[in-house]
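Here the structure comes first, spelled out in structure tokens, and everything after it is commentary.
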Amino acid sequence: MVTINTANAALKTMYLDVVANQLNTKTHPFLAELEKTSQDVVGKLVKRLVPYGVNGGIGAGTENGSLPLASENKYLLFESSLKNLYGTIEITDKALKASNSDAGAFVNLLTAEMEGLCESSKWSFARMLYGNGSAKLTTGLATASGANTFVADKLNNVMVGQNVDVYVDDVFSHSTKIQSINYGTKTLTLKDACTADMANNSKTTTLYAAGSKDKEITGLGAIFDNTIPTIYGVSKQDYPFLNPISKTTSNLTEEDMMGAMDDAEEKSGGEINFICGAYDARRAYQALFQNNKLNVDFTTLCGGYTAITFNGIPFLAENFIDSKTIYFLNSEDFKIHQLGDWAWLENDKGQILKQREGYPTHSATLVKYAELVCARPGAQAKLVIS
């Protein structure tokens with residue numbers, strides 16, 4: 003007979019390793035390439051000492067002249083908090099009891115829940131990679147006060163069923179859920195009616211991932227967003243070399259792409275080894291080959307992903323990147339600092355699957371405490387097709 007104890011044991015022994023592997027290697031091909039380490043984790047913080055510049059004590063001289071003056075390495079201290087990453091499943095008591103006499107039905111129930119958790123988590127964590135840590139999804143305007151439709155500026159960060167928090171002029175209004183999306187009109191249908199403030203075109207309404215405002219990992223958006231004055235607690239103005247290469251072009255060419263890569267590599271001495279762009283940017287790149295009647299090469303990445311290549315470097319299309327934007331990245335500069343791998347939250351009795359107080363449901367929560375840190379933000383590049 004299937005019991006709560008059986009469920010707890012199954013989650014701990016049968017599902018944890020599988021789910022952890024899925025989230026670590028199948029969330030995103032770039033994340034799968036990165037080193038995951040507990041190094042530089044100090045309490046609740048990541049404190050990473052990164053060198054910059056060159057040692058000044060190097061030089062040439064005469065046979066009996068003075069030696070080069072000693073000069074120590076230069077370092078910056080990058081400091082950022084570990085982010086709390088959660089994934090929760092919920093099973094009704096009725097569903098649990100309906101399968102407690104059939105082990106096969108119980109396994110199918112848990113498997114379906116875990117597959118849903120994995121897919122939702124992978125989507126959310128991939129979105130975070132390209133965000134700036136704010137959890138901002140989209141901005142827009144309600145069609146009318148009392149209506150439940152919202153016209154958004156972009157839809158690449160939202161999904162049906164997603165829980166969101168509504169902020170008006172950066173002040174929390176309420177929480178709701180996305181019921182449906184009309185991609186033709188860029189309209190979201192929300193579970194709850196919009197307020198008068200949301201329909202006021204003199205105010206800015208923004209949707210954030212529920213409960214996540216300013217709590218997500220430090221993604222690429224924080225590196226490339228010029229309106230964000232600091233990165234990992236260090237001023238970009240005081241240390242201009244932290245600013246990445248940012249270029250625009252009116253008509254994408256191979257020279258434009260090589261120029262962005264070369265500028266980043268000349269500035270840092272690093273080597274670009276990963277390219278990702280919006281779908282329309284990838285189409286523009288493929289059009290170059292079609293127009294010149296050249297073949298497009300493909301490669302297989304860590305985790306089994308297949309990507310086209312540019313100059314031997316994988317070029318992957320990603321939904322969460324802004325339109326007509328291409329990133330040129332050096333994966334060696336990034337690390338995921340973590341306080342252990344994925345684990346289940348357990349209560350003081352060691353239970354994973356716990357009844358939600360006051361409700362006939364049982365929930366289990368996966369957790370990971372981690373932060374993404376780039377040691378050389380200035381060694382990355384962005385190209386926008388205007």
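All residue numbers for the sequence shown refer to my numbering, where the first residue is 3 and numbers rise by one.
Quick reminder that beta carbons are idealized off the backbone N, C-alpha and C, glycines included.
- Look at the beta carbons and you see the segment 108-115 not touching the segment 264-279: under three pairs across the two are nearer than 8 Å.
- Under the DSSP definition of a beta bridge, residue 278 partners with 318, 329.
- Residue 279 and residue 327 do touch by the CB rule: their CB atoms are close to 6 Å apart, below 8 Å.
- Per DSSP, reduced to three states, the secondary structure at residue 162 is coil, with no helix or strand assignment.
- Taking residue 335 as the centre and dropping the five residues before and after it, the same chain places the C-beta of 376, 377, 378, 381 closer than 6 Å to its C-beta, in chain order.
- Between the alpha carbons of residue 251 and residue 46 lies a gap of roughly 42 Å.
- In its chain, beyond the 5 residues on either side, 29 have a beta carbon closer than 6 Å to the beta carbon of residue 127.
- For residue 310 and residue 286, the gap between their C-alpha atoms comes out near 13 Å.
- The beta carbon of residue 101 is closer than 7 Å to those of 4, 107, 108, 111 in its chain, skipping five residues each way along the sequence.
- Under the 10 Å beta carbon count, residue 257 is surrounded by fewer than 16 other beta carbons and is classified as exposed.
- A contact is defined here as three or more CB-CB pairs under 8 Å, and the segment 237-253 fails this definition with respect to the segment 196-213.
- Judged by DSSP in its simplified three-state form, residue 92 adopts strand.
- Counting along the chain, residue 225 sits inside the alpha helix (DSSP H) bounded by residues 222-226.
- At the C-beta level, residue 212 and residue 177 come within 7 Å of one another.
- About 11 Å separates the beta carbons of residue 153 and residue 200, which is beyond the 8 Å limit, so they are not a contact pair.
- Pairing residue 62 with residue 69, the inter-Cα distance amounts to about 8 Å.
- Counting C-beta pairs closer than 8 Å gives three or more between the segment 212-226 and the segment 124-142, which meets the contact rule.
- A residue is called buried once 16 or more other Cβ atoms fall within 10 Å of its Cβ, and residue 192 is buried on that count.
- The Cβ atoms of residue 282 and residue 325 sit closer than 7 Å to each other.
- For residue 254, the closest C-alpha among the options 159, 197, 291 is that of 291.
- Exclusion of the five residues before and after residue 149 leaves 196 as the residues of its chain whose Cβ lies within less than 6 Å of its Cβ.
- Burial check for residue 121: the Cβ neighbour count within 10 Å stays below 16, so the residue is exposed.
- In this chain, residue 270 is not harboured by any beta strand (DSSP E); it is covered by the alpha helix (DSSP H) spanning 256-270.
- In the structure shown, the three-state DSSP call for residue 167 is strand.
- For the set 374, 164, 174, 171, the Cα lying nearest the Cα of residue 182 is the one of 164.
- Within its own chain, the residues whose Cβ lies closer than 6 Å to the Cβ of residue 235, once the five positions on either side in sequence are excluded, are 81, listed in chain order.
- By the neighbour-count criterion, in which a residue is buried when 16 or more other Cβ atoms sit within 10 angstroms of its Cβ, residue 214 is buried.
- Taking the Cβ atoms as the reference, residue 277 lies roughly 6 Å from residue 330, within the contact range of under 8 Å.
- Residue 300 and residue 384 have their C-alpha atoms spaced approximately 22 Å apart.
- A distance below 8 Å between beta-carbons, with the five flanking residues on each side excluded, links residue 303 to the following residues of its chain, in chain order: 31, 34, 35, 309, 316, 318.
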